[in-house]
Structures are given as C-alpha cells and as structure tokens.
Amino acid sequence: MRRHRHGLVLGKFYPPHAGHHHLVRTARARCAELTVLVCAASVESVPLAERVAWMRAVHPDCRIVGLVDDVPMDLDDPEIWDAHVRIFRQGVEGEVDAVFTSESYGAELARRFGAAHVPVDPERRAFPVSGTAVRADPVAHWHHLAPPVRAGLARRVVVLGAESSGTTTMARALAAHYRERGGAFAGTRWVPEYGREHSERRLRELRQRWPEARWEDVELGGEEFPLIAERQNEREERAAGEGGPVLFCDTDAFATTVWHERYVGGRNPSVDELAGRTQRHLWLLTDHEGVPFEDDGLRDGEELRPWMTGRFHAELTRTARPFVMLGGSHEERLATAVTAVDALLAAGWHFTDPLPDLTGTAAVTTSVASTSAVTTSAATTSAATTTASGAAASGTGEGP
Numbered sequence: 000m001r002r003h004r005h006g007l008v009l010g011k012f013y014p015p016h017a018g019h020h021h022l023v024r025t026a027r028a029r030c031a032e033l034t035v036l037v038c039a040a041s042v043e044s045v046p047l048a049e050r051v052a053w054m055r056a057v058h059p060d061c062r063i064v065g066l067v068d069d070v071p072m073d074l075d076d077p078e079i080w081d082a083h084v085r086i087f088r089q090g091v092e093g094e095v096d097a098v099f100t101s102e103s104y105g106a107e108l109a110r111r112f113g114a115a116h117v118p119v120d121p122e123r124r125a126f127p128v129s130g131t132a133v134r135a136d137p138v139a140h141w142h143h144l145a146p147p148v149r150a151g152l153a154r155r156v157v158v159l160g161a162e163s164s165g166t167t168t169m170a171r172a173l174a175a176h177y178r179e180r181g182g183a184f185a186g187t188r189w190v191p192e193y194g195r196e197h198s199e200r201r202l203r204e205l206r207q208r209w210p211e212a213r214w215e216d217v218e219l220g221g222e223e224f225p226l227i228a229e230r231q232n233e234r235e236e237r238a239a240g241e242g243g244p245v246l247f248c249d250t251d252a253f254a255t256t257v258w259h260e261r262y263v264g265g266r267n268p269s270v271d272e273l274a275g276r277t278q279r280h281l282w283l284l285t286d287h288e289g290v291p292f293e294d295d296g297l298r299d300g301e302e303l304r305p306w307m308t309g310r311f312h313a314e315l316t317r318t319a320r321p322f323v324m325l326g327g328s329h330e331e332r333l334a335t336a337v338t339a340v341d342a343l344l345a346a347g348w349h350f351t352d353p354l355p356d357l358t359g360t361a362a363v364t365t366s367v368a369s370t371s372a373v374t375t376s377a378a379t380t381s382a383a384t385t386t387a388s389g390a391a392a393s394g395t396g397e398g399p
C-alpha cells in the first residue's frame, strides 16, 4: 500500500457520520499528514465551529480546518470549480500528493491539486449512510453518529423541583420508559444530580471531625456552586454522547442557580454563565404538592418547598425556557411528562438545506465578484484550524 506525504479530505460533514469517519481514518492510515477541510455554507444550520469541534474530537491526529464556502455546486462550470478550489487552498498548508474521496468528482478535484486520486468506498458499501439521510431522520441513523455528534443532537430534558418532590424518581422512570421503545432509544440515559453527591461528601468530611454532625450543620459556600454546575455539565455531556436521541437530567446548571439562592442568597455570575453554556430543550417542573416530604439526612427545607417551586417557576418563565408542570400522582406525572417529551421528539430536528447542486442546469453563472465575496479570510481560516501534524479526500455525496 502506497504511503503518501500529505493527504487531503474535504466535505460538509453536515453532520459528520460513520461514512465520513471511515473516509478520514482510511486516508489518515495512508498519509504521514492529513488535512481535513470542513466546508460549510452560511445558510446551513449547524455552525461551522460546531462541526469543526466534532471532527477534532473524533480525529485528534488530523489537521482540521473550517472554511466558509458559499459558492453553489456545479460540476459542469469551470468558474465554479475555480472558486471552490481557491477557498479550499486557503485551508491547506503546502502541497498535497493524494486526494481521498468517495465522490464522482474526486478525480477532477485531485487533478486541480496536482495529486493522485484515491477512491474510498465510492459505492457506500461499508457505511450506507449520507448527510442527507441523517438530516432527514437522525433517529434512524443514530448508530452512525459518533459520541460528540450525538451529544450535539440529543434532545435534553431536565427534571427539576424542590426538595423531595420526585425529580430523581421521574428522571429514572422516563429513561426506563424510553429504553423500552428499543432501537436508538434502547440506550436512553439519565444523569443523576451531582449536587447530592457533593453534599454527601461534605457531610462525611464534617463527620470525620464531628461524628454527631447533621446536614444542617454543613455550610455551603458560594464558591462551591460553580463547581457543582460544572460537574453537572460534564456528566450531562458525557451521557449525551453515550446515549440515545433523548437524555433525561435530574437537575441541571440552571437549577443550580436557584439552589445558590436558597443556600447562599442572590445570584452567582459564574453559575449563570455555566447554565447558559449548553442547550437544553425542555424542563419538567415537579410540583411539591401531593408529595410527602422525606427526610433522608440531606434535606432540611420542608418549609421552603413552596418557595423553591415558586422560584423555579418564576425563573423558567423569566428566561423563556420551555417547561411543563408535573402534578398529581406519579402515574399522572409520568403520563404528562411522556406527552411533553413525545411532542418534543415529534417536532424533530430542523436542518436547513445546503446550497443547491446546479450541475446539469447550465442556468446560473457565478460572477468573479460574487465568488471573491464568499472567500474566507485568513483570520477566519486560522481561527478554525488545528495545529496538528500532500493527499486530499472528499466526503459523501454532497459536493466538494
């Protein structure tokens, strides 16, 4: 097997899937260095930076470069080809000696780089999937998505509420309900509350010095809440990458902002920032009414439950987060929650269409002026480029 000095792979990766990763890994195994160009049009709804981050996470041994390419696709138009290649060259350092693609246009792309063309599974036998298919039905192709992409696409549902209002019970029950659906949902996960683990540790530490200590003797400091929120985010992100299309969270960093009010008073800017770092899609607020208070040794706020429920409701409303109130028996709450989650999943994933492929139409000509206007700047290219380690590859059926 010939080994190349510098390989090139390029594609939209909208979103990245198993076929893309097979292409990149095949090229990387045959090249001393590999550059991967992530080429995104401005009209596409998954941000370029996010796609670059996904590809870097899966392929840390490659040089991943993000480029904005707003030139339409037309394989019959030499000027269109020239415009694309000018953009591609901005992301390539030095010469490439092989271009790896699974596309019909691969030979022409390689010729324009003065490189050999190496076809990789052009008939899509190894991984029968495309970006178009994933965008049309992410759930059906969930098994073709790598953990970073799953984490980015998973619908995140947060269960939050006052002490002893059934949040853990509900998060666990929802995960079990959706696992029973099988398929992509068989891997449905739920994320336990890190704050409880933190509280248990703080009480153990105090009891090492004072064996009779109770939870009300523990004094939580304001500096602890950013840590709690950060650890919760980390665990949520990991579970989202390992699980199915929907993830259930027993509280989140947003809920931690209210717990900070309860234990310390006022807002904590660091916790507020952490709460806005990750997108969630639905909050389920468990009503304390009708749920007996259980003192498990880490609860001391029975009389504060109405206040906590009110604060969660007020903050969810103020920040325009979509939420549903859960009341009644456990069965009634679960039914209400399932209805809300099913509606969220039925709404689906909304991807804007990529730029149209004009090949064969001969009706549209891109002027030199409009071509130059869509070229990425050196600053943009640099910002989206890794500093990792010439051949080239193009990804799966969606144009160069």
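If you read the sequence shown in numbering that gives the first Met the number 0, its first letter stands for residue 0, the second for the next number, and so on.
A virtual CB, placed ideally from N, CA and C, is assigned to each residue, including glycine.
Keep in mind that this is a model prediction, so the values were computed, not measured.
| Asked | Found |
| --- | --- |
| Looking only at its chain, what residues have a beta carbon closer than 7 Å to the beta carbon of Glu-172, apart from the 5 residues adjacent to it on each side? | Correcting the residue type first, residue 172 is Ala in the shown sequence and not Glu. So the list reads Leu-333, once near-sequence residues are dropped. |
| Quick one: what's got a C-beta closer than 8 Å to Gly-480's C-beta in the same chain, skipping five residues either side? | In this structure the chain extends from 0 to 399, so residue 480 is not present and cannot be described. |
| Report yes if the CB atom of Thr-166 is closer than 8 Å to the CB atom of Val-156, and no otherwise. | no |
| Do you know how far the Cα of Leu-281 is from the Cα of Val-340? | 8 Å |
| Closer than 6 Å by C-beta to Ala-161: which residues in its own chain qualify, once you throw out the five before and the five after it? Chain order, please. | His-287, Arg-304, Met-307, Thr-308 |
| Measuring alpha carbon to alpha carbon, tell me which of Arg-149, Ala-239, Glu-293 ends up nearest Ala-174. | Ala-239 |
| Relative to the C-alpha of Arg-230, which candidate in Asp-251, Leu-47, Glu-94, Val-98 has its C-alpha closest? | Asp-251 |
| In angstroms with no decimal places, state the Cα-to-Cα distance between Ala-228 and Arg-154. | 19 Å |
| So the alpha helix (DSSP H) Pro-268 belongs to, where does it begin and stop? | 268–274 |
| Please classify Phe-311: does DSSP put it in a helix, a strand, or coil? | helix |
| Alpha carbon to alpha carbon, how far is Ala-168 from Glu-94? | At residue 168 the sequence reads Thr, which differs from the Ala that was named. For Thr-168 and Glu-94, the distance between alpha carbons rounds to 58 Å. |
| One question on the structure: do Asp-249 and Val-290 come within less than 8 Å of each other, judged by their Cβ atoms? | no |
| Counting Cβ pairs, one atom from each stretch, are 3 or more of them under 8 Å apart for the stretch 14–28 and the stretch 97–107? | yes |
| Specify whether the stretch 29–45 and the stretch 5–16 touch according to this definition: at least 3 beta carbon pairs, one from each stretch, less than 8 Å apart. | yes |
| Could you compute how far the alpha carbon of Ser-376 sits from the alpha carbon of His-83? | Reliability fails at Ser-376, whose pLDDT of 33 lies under 50, so the model's placement of it is uncertain and the value that follows must be treated cautiously. Rounded to whole angstroms, Ser-376 to His-83 spans 14 Å at the Cα level. |
| Kindly give me the distance between the Cβ atoms of Val-37 and Val-64, rounded to whole angstroms, as I take these residues to be in contact under 8 Å. | 7 Å |
| Between Asn-267 and the rest of its own chain, which residues show a CB-CB distance below 8 Å, the 5 nearest in sequence each way excluded? | Gly-221, Phe-224, Pro-225, Thr-256, His-259 |
| Closer than 6 Å by C-beta to Asp-75: which residues in its own chain qualify, once you throw out the five before and the five after it? Chain order, please. | Thr-358 |
| Return the Cβ separation of Arg-134 and Phe-292 in integer angstroms, given the expectation that the two are a contact with Cβ distance under 8 Å. | Not confirmed; about 47 Å, so no contact. |
| Can you find the residues in the same chain that come closer than 8 Å, C-beta to C-beta, to Ala-31, ignoring five residues on each side of it along the sequence? | Arg-2, His-3, Arg-4, His-5, Ser-388 |
| Assuming Ala-132 and His-140 are in contact, meaning their beta carbons sit under 8 Å apart, how far apart are those beta carbons, in whole angstroms? | 6 Å |
| Ignore the nearest five residues each way along the sequence and tell me which others in Val-51's own chain have a CB closer than 7 Å to its CB. | Val-37, Ile-63, Gly-65, Ala-383 |
| Buried or exposed: where does Ser-328 fall if 16 or more other Cβ atoms within 10 Å of its Cβ makes it buried? | exposed |
| Once DSSP output is grouped into helix, strand and coil, what is the label at Ala-115? | strand |
| Roughly how many whole angstroms lie between the Cα atoms of Glu-199 and Gly-326? | 28 Å |
| Counting C-beta neighbours from all protein chains within 10 Å, is the total for Trp-53 16 or more, i.e. buried, or is it exposed? | buried |
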